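For the sequence shown, UniProt numbering begins at 1 and goes up steadily by one. Every residue, glycine too, gets a C-beta built ideally from N, C-alpha and C. Quantities reported herein were computed from a predicted structural model and do not represent experimental measurements.
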Amino acid sequence: MESTLGSDLARLVRVWRALIDHRLKPLALTQTHWVTLHNINRLPPEQSQIQLAKAIGIEQPSLVRTLDQLEEKGLITRHTCANDRRAKRIKLTEAADPIIREVDSVITSTRSEILSGITADEVQLLVGLIGKLEQNITELQNKQ
């Protein structure tokens, strides 16, 4: 029987995000919005759009529409980088602060609930294995 590890991991991410998405419904944020806000918040200040896209794991053109929507909502600002006029730096606004706090709270509490019954050592082992898988994939991509 063929391993379904890739499908299992993809499904796990999908249902995990769907659960968080459901819990964040009152904020009227799409999954793309809260994932983007969460990543902006956890990265060093004023990341470029390129760096943010890499952190999220999407292409930059896909990110631009989301950033446009977040800017329209007054949750982020973008300004041109002094060193590279083509690059845009992203910054959260004060209006985003309470939303970020709620998003982080929901993500943290959901993670704790999902990991209940799993020891810290088991979590570390899983994180290490996922890191090895990612490294192997990156090496394979670089060979092509």
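Subject >> the region 100 to 113 / the region 37 to 46 touching (three or more Cβ pairs under 8 Å) >> reply: yes
Original post:
Can you name, in chain order, every residue of its own chain whose Cβ lies under 6 Å from the Cβ of His79, other than the five neighbours on each side?
Top reply: Looking up residue 79 in the sequence shown gives position 79. Excluding residues within five positions, the ones whose Cβ falls inside 6 Å are Arg89.
**OP:** Please classify Val106: is it buried, with 16 or more other beta-carbons within 10 angstroms of its beta-carbon, or exposed?
**Re:** Within the sequence shown, residue 106 is the residue found at index 106, counting from 1. Label assigned to Val106: buried.
**OP:** Take the Cβ of Leu115 as the centre, count every other Cβ of all protein chains shown within 10 Å, and call the residue buried at 16 or more, exposed below.
**Re:** Locating residue 115 in the sequence shown gives position 115, counting from the first residue. Per the 10 Å Cβ criterion, exposed.
Subject >> Distance, Thr110 Cα to Ala22 Cα >> reply: Walking along the sequence shown from the start, residue 22 turns up at place 22. Walking along the sequence shown from the start, residue 110 turns up at place 110. According to the sequence displayed, residue 22 carries His and not Ala. Cα to Cα, His22 sits roughly 11 Å from Thr110.
Original post:
So, is Gln47 buried or exposed, given that buried needs 16 or more other C-beta atoms within 10 angstroms?
Top reply: Working through the sequence shown from its first residue, we reach residue 47 at position 47. Classification for Gln47: buried.
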